[in-house]
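A.B. asks: First the structure, then my questions, so here it is.
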Amino acid sequence: MGVGGNALEGILDKVKNRHYQLACTMTFEATHGVSCDTGINHPNQYFSESQKVLQAKNQTVQSQLST
């Protein structure tokens, strides 16, 4: 997944304390490099938000290549 260092420690701490939604949100933020202000409440939401981030990154790259 590409999560390491302090982020991984924080995620594991949330899991140990049974704060799974917070751990999921932290994983999302660590893997995508963006903030998720709304939090992640469902696996489908994780997927949808991931798609939005990836599409935005792809559009940015494509626009940079066009110029």
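Take any residue in the sequence shown, note its place counting from 1, add 1259, and you have its number in the numbering used here.
Quick reminder that beta carbons are idealized off the backbone N, C-alpha and C, glycines included.
In this text the structure is predicted, and so the values were computed from the model without any measurement.
With distance defined between alpha-carbon atoms, name the residue in G1292, N1276 and K1273 nearest to L1313.
C.D. replies: Out of G1292, N1276 and K1273, G1292 has the C-alpha closest to the C-alpha of L1313.
A.B. asks: Among S1325, Q1323, F1287 and T1319, which residue has its Cα nearest to the Cα of Q1304?
C.D. replies: Minimum Cα distance to Q1304 is reached at F1287.
A.B. asks: Thinking just about the alpha-carbon of each residue, which of T1297, N1276, A1282 and R1277 is nearest to the one in V1262?
C.D. replies: If we check each option's Cα against that of V1262, A1282 comes out closest.
A.B. asks: Name the two residues that bound the continuous alpha helix (DSSP H) containing N1276.
C.D. replies: No alpha helix (DSSP H) holds N1276; DSSP gives it neither H nor E.
A.B. asks: Of the choices T1284, F1306 and S1307, whose alpha-carbon is the least far from that of L1296?
C.D. replies: Contrary to the premise, residue 1296 reads as Asp rather than Leu in this sequence. If we check each option's Cα against that of D1296, T1284 comes out closest.
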